[in-house]
Amino acid sequence: MAIDLHAVLAERVFEHLWRIWIDWPQALGGPPRRQAFAELAAPLRNASNADELQAAAIRLAAALRQQNHGHDLHALLASVDALSDAAFFDGWLAALMQIDRGDAPATLTPLPTMPLRSWLSALPPWDANFAQAPVFRGQPAECGALAERGEDPVIRTLLESGSAVTARVVARLAALEQDLSALIEDAMPPDQVDVVSVHDGVAVARVLTARGPLLHRAVIDGDRIADYLIVAPTEWNFHPRGILSSAFEGRRFIDASALKTWAEALVLALDPCVPARVSVRSH
C-alpha cells in the first residue's frame, strides 16, 4: 500500500502545481510556466517507485527556489511583505493581493480535521441530498488547504485583513511546500487514506486530495454493489449556503468589472473539479 500513498501525495503536488504554474498566472495576466510544468510535473505521474517520486520532488523544489530567486517556499510564506513583492511568484501573487482587499475580515468555517470514524458520526444520512449539498453537524463547511491551515499566523493575518482569495492561495502554496517535503523525506502524512467499515456490507473511504477530502461510500448486498455514493470536495465548497455566497457579504466593488474579476479569482481559489464560468447581472 505504500506506493499507493506515495501516488496520492504525488497527485496532490501535481494539482497544486497546475494551479500555481498554469491557472493563476493566466488568470492574472502573467505568462504560465507551461514548459516547466510539462518537464517537472509529468514525472510525478510517471514515476514507478518512491525513489523516482523523491527525485522528481527534489527537482521541483529546486525549480521553485530558482523561480523565487533562491528563496524557498517555507521562508516566503512566513512574511506578508514577501508575498506582496512582485519579484516572487512571477508577480502574479502580488497582482492578486492588489485586487483582493476587503472591507471586513473574511470568514472561515472549516471542515474539521479528524479521524474518519469520528468524522462520520457528525454527518447526516448518506443520500442524494447529502452528496449534492453536504453539511457537517448541520452546517456547510469549507474544505481544502485553507481549512487545514486557517490558524497559520500569516494566513490568519490575510483573513483578518479581508484578503479572502489570497489567504486560500497562500494556504495552497503552504500545502505544496508540505507535500513536497513529505515526498523528499519519504514521510507520508497520517490519515492520507482512511477506510472505515461502518457495519456489515457498508464501508466509507476518504482520500485527502489537493481540493480536500474525497469520500466514497459503498453498500454491498451479497455479491453485488447495492448502492454507491461519492461526495467530492467541490460539493462542500460550492454548497448553496457555503463560502461562495458568504464571501461576498460586506464586500464593496467599484463596478461590475471589479466584481467579476474578484468573483472569478474566488472561484479559482475554491478550485471546482468541473469547468466554471462567472457572469454578472445587473438588476
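In our numbering, the protein residues as written are 479 to 761.
Glycine included, each C-beta is placed from N, C-alpha and C at the ideal position.
Every value quoted in this text rests on a predicted model; they were computed, and no experiment measured them.
Between alanine 609 and leucine 707 the beta-carbon gap is near 5 Å, inside 8 Å, which marks them as a contact. Here aspartate 578 is buried. Its C-beta has 16 or more other C-beta atoms within 10 Å.
About 4 Å separates the Cβ atoms of alanine 688 and glutamate 493, confirming a contact at the 8 Å cut-off. Spanning the alpha carbons of proline 593 and glycine 622 requires a straight line of approximately 16 Å.
Of the residues Val697, Ala519, Pro521, Trp714, the one whose Cα lies closest to the Cα of proline 618 is Trp714. Take the alpha-carbon of phenylalanine 726 and the one of valine 632: they are about 22 Å apart.
By the neighbour-count criterion, in which a residue is buried when 16 or more other Cβ atoms sit within 10 angstroms of its Cβ, histidine 547 is exposed. The DSSP assignment places complete alpha helix (DSSP H) segments of no fewer than 4 residues inside the region 532 to 616 at 551 to 554, 558 to 561, 570 to 577, 594 to 598, 606 to 610, in order along the chain.
Under the DSSP assignment, leucine 506 falls outside any alpha helix (DSSP H); it carries neither an H nor an E label.
Here isoleucine 703 carries a strand assignment [DSSP, helix/strand/coil]. For proline 603, the closest alpha carbon among the candidates Pro503, Arg695, Thr739, Ala485 is that of Arg695.
DSSP, read as helix, strand or coil, puts serine 526 in coil. Residue pairing of histidine 694 in beta bridges, as defined by DSSP: Ala683, Ile708. Bridge pairing for histidine 677: Val680 [DSSP]. In this structure tryptophan 570 is not in contact with leucine 483, their Cβ atoms being roughly 32 Å apart against a cut-off of 8 Å. Its Cα nearest to that of serine 760, the residue Ala734 stands out among Leu748, Leu722, Thr644, Ala734. In this chain, the alpha helix (DSSP H) harbouring serine 723 covers 721 to 724.
Annotated three-state conformation of valine 671 is strand, per DSSP.
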